[in-house]
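Notes to accompany the following structure.
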Amino acid sequence: PPVDEGTVALASVVNAMGGTVTLTRRDFDAGNRVVTFAAEGLGEPEGLVLHWAVVLTEGDIGWAPPPEAGVALPAGSEAFTDGIAMRSPFDVDGVVEIAFAADAVG
């Protein structure tokens with residue numbers, strides 16, 4: 302799907318039910334980045350949860366929890382039991398946004 306100017310489309314996946322999940326990143330002047338996951342065509346997003354983690358440095362092959370500072374977690378986010386991943390619920394519009402401060406991303 303088309304994205305706004307200044308937004309980088311990173312991925313789009315269509316599932317077997319015909320729904321689409323898109324991933325975009327928007328960079329802001331201060332260096333902050335907002336990563337957005339949007340689910341469309343999946344019906345009501347109630348109960349839909351994003352299971353995610355980060356790679357802390359480029360070239361690193363291991364997953365890690367998000368840094369404690371410089372990340373704005375979506376409301377309702379919880380640490381997964383593995384101590385690495387997070388689970389963030391999609392909002393009523395089928396969107397999850399995660400904001401990273403300039404010094405928290407590479």
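Numbering (the numbering used here), first residue to last: 302 to 407.
We treat Cβ as the ideally placed atom computed from N, Cα and C, and that holds for glycine.
Q | Neighbourhood of H352 by C-beta distance below 6 Å, restricted to the same chain and skipping five residues each side | A | Here the question's residue 352 lines up with position 51 in the sequence shown. Excluding sequence positions up to five before and after H352, its CB lies within less than 6 Å of the CB of A386, R388, all in the same chain and listed in chain order.
Q: Give the straight-line distance between the Cα atoms of D383 and V397, rounded to the nearest whole angstrom.
A: For the purposes of this step, residue 383 is identified with residue 82 of the sequence shown, where counting begins at 1. For the purposes of this step, residue 397 is identified with residue 96 of the sequence shown, where counting begins at 1. Using only the alpha carbons, I get a separation of about 21 Å.
**Q.** Nearest candidate by alpha-carbon position, reference F401, set E379, S378, P367, A380
**A.** By 1-based counting over the sequence shown, the position of residue 401 is 100. Residue P367 is the option with its Cα nearest to F401.
Q. Using DSSP with H/G/I as helix, E/B as strand and the rest coil, what is A403?
A. Position 102 of the sequence shown, counting from 1, holds the residue named residue 403. A403: helix per DSSP, three-state reduction.
Q.
So, for A373: in the same chain, excluding its five sequence neighbours on each side, which residues have a beta-carbon less than 6 Å away from its beta-carbon?
A. By one-based count along the sequence shown, residue 373 stands at place 72. Correct list, in chain order: A400.
**Q.** Distance, D404 Cα to V393 Cα
**A.** Residue numbering aside, residue 393 sits at position 92 when the sequence shown is read from its first letter. Residue numbering aside, residue 404 sits at position 103 when the sequence shown is read from its first letter. Annotation: V393 to D404 spans about 30 Å, alpha carbon to alpha carbon.
Q. Just checking my contact of T337 with T325 at CB under 8 Å: how many whole Å lie between their CB atoms?
A. The count along the sequence shown starts at 1 and reaches residue 337 at position 36. The count along the sequence shown starts at 1 and reaches residue 325 at position 24. Rounded, the Cβ-Cβ distance is 5 Å, consistent with contact.
Q) Per DSSP, what kind of secondary structure is P303 in: helix, strand or coil? A) One-based indexing of the sequence shown puts residue 303 at position 2. Since pLDDT at P303 reaches only 45, below the 50 mark, its modelled position is unreliable, and no value is offered.
Q: Specify the secondary structure class of E341 as computed by DSSP and reduced to three states.
A: Locating residue 341 in the sequence shown gives position 40, counting from the first residue. Residue state, collapsed to three classes: strand.
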